[in-house]
Every structure is written in structure tokens, then in C-alpha cells.
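Residue numbers (the numbering used here), protein chains in the order written: chain A, 1 to 211; chain B, 212 to 505. Note that the Cβ used here is the ideal one computed from N, Cα and C, for glycine as well. Since we're looking at a predicted model, the values are computed, not measured. Down below is the structure, laid out as C-alpha cells.
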Amino acid sequence: MRLGFLVDLSRCMGCMACAVSCKAENNVPLHSWRLRVKYIDQGEFPDTKRHFVPLRCNHCENAPCERICPVSALHYLPNGIVNVDHDRCIGCASCMMACPYNAIYLDPLTNSADKCTYCAHRIEVGMMPACVVACPTHANIFGDLDDPESEISKYLQEHRDVMVRKPELNTKPKHFYVRGSTVALDPLASERPEGYTLFTEVKFLDHIGGH
Amino acid sequence: MLGAEVTFDVALPKVVWGWLVSTNMWAKSIATGTFLLGLYFIKKYPEQDSFFRKWVPILGIIFIGITLLVTVLDLHHMFRFWKIFAFAHFTSAVTLGAWVVSAFVIVLLISFWSWVTGNKKLFDRIMIPGFILAFFSTIYTAGIMGEATGREVWVFPSEMISMLLSAMIAGSAAYLIVDAVYGGVLKENVKRELGYILFGSAGLAAAMFIGELFFAKIHSEFAHRVVEVLAFGEVAPFFWGGMFLTFIIPMVLVGIANENRKYQYAFLGALSAIVGLWLIKHAWLIAPQTLPLS
Chain A
1 MRLGFLVDLS
11 RCMGCMACAV
21 SCKAENNVPL
31 HSWRLRVKYI
41 DQGEFPDTKR
51 HFVPLRCNHC
61 ENAPCERICP
71 VSALHYLPNG
81 IVNVDHDRCI
91 GCASCMMACP
101 YNAIYLDPLT
111 NSADKCTYCA
121 HRIEVGMMPA
131 CVVACPTHAN
141 IFGDLDDPES
151 EISKYLQEHR
161 DVMVRKPELN
171 TKPKHFYVRG
181 STVALDPLAS
191 ERPEGYTLFT
201 EVKFLDHIGG
211 H
Chain B
212 MLGAEVTFDV
222 ALPKVVWGWL
232 VSTNMWAKSI
242 ATGTFLLGLY
252 FIKKYPEQDS
262 FFRKWVPILG
272 IIFIGITLLV
282 TVLDLHHMFR
292 FWKIFAFAHF
302 TSAVTLGAWV
312 VSAFVIVLLI
322 SFWSWVTGNK
332 KLFDRIMIPG
342 FILAFFSTIY
352 TAGIMGEATG
362 REVWVFPSEM
372 ISMLLSAMIA
382 GSAAYLIVDA
392 VYGGVLKENV
402 KRELGYILFG
412 SAGLAAAMFI
422 GELFFAKIHS
432 EFAHRVVEVL
442 AFGEVAPFFW
452 GGMFLTFIIP
462 MVLVGIANEN
472 RKYQYAFLGA
482 LSAIVGLWLI
492 KHAWLIAPQT
502 LPLS
């Protein structure tokens, strides 16, 4: 079994239900996220378009975070999920440096690394990840990549525009996007203006210990 | 359709590895550089070996102590540090580094004991393992950076050589400073050779930095943007300050010192190199962390 994710970007409407359900399900603290939706505006009025891009851990088959973790706090589960053992983490942040997708954070309350685990605790009892359940347009498609009859496998077979983030790094992500674009998936393909943008007045939590 | 811009994003905080990690690399360069050069000078100038047999362990223990201190302080769970030995994951350069540095600490403690007791043979016996451990303690950080897939400038192929050159700069500069502070114990030929090592290492390191960052073909847009941040962006003062203080000023001053036999200039050049080395390590550490990865 190799669990994977696919996001049909043409279906995503940026409602953030996935991000909110993820926060609620996993008690993700303020200014940290396991899943967030980035907005990118393109064009000039009236010829404009807004892209919504849900971003989460890619659960790479060749995961740099797993390789660099000095204590195996980040480890593979048999179903392909890259999981985190919070009690083993020493908080060195090497995984944050290794992850090319900026998907790992140090939880300011536990001081341990954390990230999307595809809701491993829910999968274990036969439930879907919280973000999949919450999505009103079924943009998040989750399933077994090894099962040719799974919805995600069929989606991958039927679409020619399947993309992953930063394929050149050979991390072999198990998180796919269809009907996406370079603007949506390449962090350097869009401007990131300094200062005020939508909803940027966010609260930072101080870490309890460490630096 | 024209350009695109991010209008909503709550990216994770940018700089995670900060001045503590810069200090780690800086102090480690001094500890390993003084050890590697100390062995060389003990072998080459046996008549001057008492200076090096004293200062190899003292400088080594002080600066590897700083390295370990800032490493542990940088951990968000500093009291779980022991897990790196209990649950060692040997694909990680962090793990390998922790083990190698720990073994190097043992070598330094033995060399300190050898100096205290005047047992030269004891020190001689640990020279080869000490050399190997100091060498790998110097370069393992390049392994960590190589595994940091997300930060492209850290994974440049010459990183290990750059770290060895940093150790040579730091080691020679540290000995020049100690000698000047303690009233010029070293004979002139040793001072001159330390100056040449500082001059040559600084020159090579500067050439590598300039060549790799500005003249080499950079294959990714991300790496190109990091170079822009280094040279013209928010860390440019650190980078250019480091370039001048670590490479250019020491080369000029050591050149004057060796040419005119005025070794107070070498002392100033060495001080400049030690200060500049921290700046350039800091710039290099921070720059790739300033760019968005997602």
C-alpha cells in the first residue's frame, strides 16, 4: 500500500475548509499549519485569475526529512506515510532545513517538529483524512496508489497534466496536482510583495523553550 | 495576463537556523583548524612543539566546548540530546557529526591530559586518530548542508573544501593571535609559515566563493535568487563584511607582515579573519532561508 494525495486545482475554490478541519483535527497552534491554501492573483483587471493551492507535506518516497532526522523521529509507516514521533524529536530543525516544500514546523507548544501525517490516526481506524471529508468540492482525492481501482489511481491515469512540486529534486512526492500551473506550484513564479496582503495580521506564539 | 503575485499566504517562519548555528560552524572551524595545524607544526618544528602541545588542547577544548554548547542550546528539546546516541539514525549527517565530534572531544581531553602531565608519547599516540576525527569534524557540516535539499546554495559541491579552508584560516589566525597575546613565543619562521597558511587559505577560499557564486553556471532559479540575496539583498552587509574581513584584509596585512617582518600586522589580520569568518558563515547560513519554499 502506498497512500497518496491528489488535488484537482480546478475544483478548489479556496474556502479553507480543509485548512480549518486540519487545524481542528490535529490541534495545530496559531501561526503553524499542516495544510494551508495559498492564493495567487494573476493578470490585470479585467483579465484576472485567482489560483488556490492547498499545500501540505508531500510524503516523499525519497524524503529528505526522514534521511536527515538524527533520531528517526521522522519515519516511514508501512503505508508510505512519513510520520512524526513527537516524543523522540530533539527539536534540531534539520527536517525543516531539509524539506524543500516548507511543510514542517516546530510546534511552539510541544517544541517538537510536526507536519501533515495524512491524518494517520484516522486512517488507522478506516477513516479518511479530515481535509478530504471537509472539502465541499471533492478537490482532495486520497487513496492507495498501488491499487489500480482506487479513485486516485484512476485520476492519475485519466489526466495528462499531473504535476508535483519540484520534481527536479528527486524527492518522489506522493502528492499530486492536476489542472495546475507553474504559477501555482513554483514558489518563485509569483511575486511575494512585502507588507500587507490578505489576512496577514497573524499572531505568533513564542516557543516555550529552546531558541 | 500579466505577472502573478501571492495575495494570501501564511508561510512558516523563515530563519530557523540562526546565529547559534553560525557560531557552531565558526567555533568548530577554530577547534579543528588549530588541531590540524597543531599536528603539522609539532611534526615540522619539534623544537617549537611545547607551544603547540599546550595550545592544541586548550584552544580545541574551549572552541569545541562552544560548538557543543550552542548546538545543544539550539535544540528545542535540549534535554533530549542523549537520544542522538540512543536512537542514532546513521543516514543523517547530524548523527554522524555528533558521534565524530564526541570522539574528537575525547581526543582533545587526552591531549589536554598529555600536556598537563608532560606525557608527550600519549599525545603522539592519538595524533593519527585525532587527525582523522578533526578532519571529519570539519567537514561533516557540509554533509548536513548537502542533505538540506531545500536550501540549494548549501549543497554546492565545493562545500567540504570550503570548510577545510575555513578551518585553515581559523587555525592559523588563532595561533597568530595567541602568539601575539603571549608576547611572541613562536620563532619567526613558524610565524611566517602561519601567515602563509592564512594568506593562501584566504585566497583560495575567496576565489572559490567568487568563482562559485558569481562566475559558475548556476542551474536553478532558486540558487540564483540566493546569490542575489547574498550579494545584494538583506544579508549583503554580512556577506561583503565577511569577504573583506576574512579574505581581503588578512591577505593584505599578512602580506605586509611577512614582507616587512612586522608581525603586529599579522596579528591584526588574524583578528580580522576570525571576526569575518563568523560574518561570512552567518550570511551563507541565512541567505537560503530567506526565500519562500512553498
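Requested in this report: For A:H211, decide whether its Cβ has a neighbour in chain B, counting only Cβ atoms nearer than 8 Å.
Outcome: Here A:H211 scores only 48 on pLDDT, less than 50, and its place in the model should not be relied on; the value that follows carries that caveat. At least one chain B Cβ lies under 8 Å of A:H211.
Query raised in the report: Nearest to A:K172 by alpha carbon, out of A:N83, A:E61, A:M163?
Result: A:K172 has its Cα closest to that of A:E61, out of A:N83, A:E61, A:M163.
Query raised in the report: I think B:T278 touches B:A385, with their Cβ atoms under 8 Å apart; what is that distance to the nearest whole Å?
Result: Not quite, the Cβ-Cβ distance comes to about 14 Å (not below 8 Å), so this is no contact.
Query raised in the report: A:I68: which of B:K428, B:I295, B:V232, B:H430 sits nearest, CA to CA?
Result: B:I295
Query raised in the report: Would B:I355 count as contacting chain A if we go by Cβ distances under 8 Å?
Result: yes
Query raised in the report: When the Cα atoms are used, what is the spatial distance from A:R160 to A:Y177?
Result: 11 Å
Query raised in the report: Which residues does DSSP pair with A:Q42 in a beta bridge?
Result: A:K49, B:A215
Query raised in the report: With a CB to CB cut of under 7 Å and the five nearest residues on each side skipped, what residues in its chain are close to A:H211?
Result: Any reading at A:H211 must be qualified, since the residue scores a pLDDT of 48, below 50, and its modelled position is unreliable; the value itself is stated next. Closer than 7 Å at the Cβ level, and outside the excluded window around A:H211, lies no residue.
Query - Chain-order list of residues whose beta-carbon lies under 6 Å from that of A:C217 (same chain, five-residue window excluded) - result: Given that chain A is displayed from residue 1 to residue 211, the structure contains no residue 217 of chain A and the question cannot be resolved.
**Report entry** Per-residue DSSP class, three states only, for A:D144
**Finding:** strand
Query - Assigned exposure category for B:A297 - 16 Cβ within 10 Å defines buried - result: exposed
Query raised in the report: So which residues on chain B does A:L169 lean against when the C-beta distance must stay under 7 Å?
Result: Going along chain B in sequence order, the residues near A:L169 (Cβ under 7 Å) are T360.
Query - Straight-line gap, B:Y474 to B:L504 (C-alpha atoms, nearest Å) - result: 48 Å
Query raised in the report: Exposed or buried, which one is B:W293 when buried takes at least 16 other CB atoms within 10 Å?
Result: exposed
Report task. May I ask you to verify whether the region 304-316 of chain B touches the region 350-361 of chain B, counting CB pairs closer than 8 Å and requiring at least 3? Result -> yes
Query raised in the report: Excluding sequence positions up to five away, which residues of its chain have a Cβ less than 7 Å from the Cβ of B:A345?
Result: T243, F246, L247, F315
Query - B:G341, DSSP secondary structure in three states - result: helix
Query - Buried versus exposed, by CB contacts within 10 Å (16 or more), B:R362 - result: buried
Query raised in the report: Considering B:V437, what are the terminal residues of the alpha helix (DSSP H) in which it resides?
Result: 432-443
Report task. List the residues of chain A whose Cβ lies closer than 8 Å to the Cβ of B:V227, in chain order. Result -> A93, M96, M97, L106
Query raised in the report: Can you tell which of B:N471, B:L464, B:R472, B:I459 has its C-alpha closest to the C-alpha of B:I491?
Result: Distances from the CA of B:I491 to each of B:N471, B:L464, B:R472, B:I459 were compared; the closest alpha carbon is that of B:I459.
**Report entry** Straight-line gap, A:S72 to A:V84 (C-alpha atoms, nearest Å)
**Finding:** Separation of A:S72 and A:V84 (C-alpha to C-alpha, rounded to the nearest whole angstrom) is 9 Å.
Query raised in the report: Hey, would you say A:G80 sits closer than 8 Å to A:M1, going by beta carbons?
Result: yes
**Report entry** Close-in-space but distant-in-sequence residues of the same chain around B:F323 (CB under 7 Å, 5 per side omitted)
**Finding:** P268, I272
Query raised in the report: Mind checking if A:K38 is an interface residue toward chain B, Cβ cutoff 8 Å exclusive?
Result: yes
Requested in this report: Can you check the region 348-383 of chain B for any beta strand (DSSP E) of at least 3 residues that lies completely inside it and give the ranges in chain order?
Outcome: none
Requested in this report: Sort B:E470, B:M379, B:M374, B:G214 by Cα distance to B:E399 and report the nearest one.
Outcome: B:E470
Requested in this report: Could you tell me which of A:K49, A:C135, A:Y76 sits nearest to A:V20, measuring between CA atoms?
Outcome: A:C135
Query raised in the report: When the Cα atoms are used, what is the spatial distance from B:G444 to A:E151?
Result: Distance between B:G444 and A:E151, taken at the CA atoms: about 46 Å.
Report task. Identify the contact partners of B:A222 in chain D, using a Cβ-Cβ distance below 7 Å as the criterion. Result -> The displayed structure is made up of protein chains A and B, and chain D is not among them.
Query raised in the report: In the DSSP assignment, what are the bridge partners of A:Y76?
Result: A:V82
Query raised in the report: How about B:W326 and B:K239: do their beta carbons lie closer than 8 Å?
Result: no
Query raised in the report: Using a beta-carbon distance below 8 Å, is A:I68 in contact with chain B?
Result: yes
**Report entry** Test item: CB-CB of B:A413 and B:I380 under 8 Å
**Finding:** yes
**Report entry** Counted within 10 angstroms of its Cβ, other Cβ atoms place A:A17 as buried (16 or more) or exposed
**Finding:** buried
Query raised in the report: So A:D8 is in the beta strand (DSSP E); what residue range does that whole segment cover?
Result: Counting along the chain, the beta strand (DSSP E) containing A:D8 begins and ends at 3-8.
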